[in-house]
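Visitor: Residue numbers (this note's numbering): -9 to 168. For every residue, glycine included, the Cβ atom is placed at its ideal position computed from N, Cα and C.
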Amino acid sequence: MRAVSSLILAIGLGLTPTLAPPALAGQGEAPTTAAAAGPQVTVRLSPALRENAAETYGLAEVEAQAERLRTLVTEDLEQMGVMAGGRVDLVLLDLKPSRPTRQEMLARPGLSFRSAALGGARIEGKMTTFDGKVTPLSFSWFASDLADSRRQAVWGDAQWAFERFSHRLSRGQLYALR
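1. Check Ala74 in the structure and name its three-state DSSP category.
2. Please classify Ala50: is it buried, with 16 or more other beta-carbons within 10 angstroms of its beta-carbon, or exposed?
3. Work out the CA separation of Gly100 and Phe155 for me, nearest whole Å.
4. Nearest CA to the CA of Gln149: which residue from Ala56, Gly122, Pro37, Gly28?
5. For a quick check, are the C-beta atoms of Leu35 and Phe152 less than 8 Å apart?
6. Three or more C-beta pairs closer than 8 Å, one from the stretch 118 to 131 and one from the stretch 61 to 80: is that the case here?
7. Which ranges would you report for the alpha helix (DSSP H) in the stretch 30 to 100 if only whole runs of at least 4 residues count?
8. Excluding five sequence neighbours on each side, which residues of the same chain lie with their C-beta closer than 6 Å to the C-beta of Pro126?
9. Identify, in the order they occur along the chain, each residue of the same chain with its Cβ nearer than 6 Å to the Cβ of Thr32, setting aside the five sequence neighbours on each side.
10. Taking 7 Å as the cut-off, does the CB of Pro126 come closer than this to any heavy atom belonging to the ligand COA?
11. I need the DSSP call for Gly122, collapsed to helix, strand or coil.
12. Within a Cβ cutoff of 6 Å, which residues of the same chain sit near Arg161, ignoring the five residues on either side of it in sequence?
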């Protein structure tokens, strides 16, 4: 009765009511199956990218971008409610900044931060559903000309590629056509 009263009050006040899962409402146990858990997402750097990052861009900056991709994919999959209990294993094969990185600026003092480049990312991996079905994933996006460069940030084009990949993956657009 109390839950119904709260629901009526919320509607009367013009609020959007949210219903708690049974365990939170004190009406049983929450689901504990693997399907109830969110997706597990891992992102690693390819050996070639790791080597290139250490020499050119700065390994810490590239690893931060890999973490950004992992976070973005996890959040989008959870928001869309897909891949519950599943796993997404990604490999960053290529990553290019849109502007000079800190390490590039230190290595070449005459380089201007205003310098622009064609950035982007290439991602491959696999998606494993909670029932064991494996689907390969592949995505690549790089700016084709400086006018196509999306953002002013150092990793702006790469982040744009991450957002496009994550959006398409969470909505089934990367694997529905297979």
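Guide: Looking at the coordinates:
1. coil
2. exposed
3. 35 Å
4. Ala56
5. no
6. yes
7. 37 to 42, 49 to 70, 92 to 97
8. Lys116
9. Asp79
10. As presented, the structure is devoid of all ligands, the ligand COA included, so that no description of it is given.
11. coil
12. none
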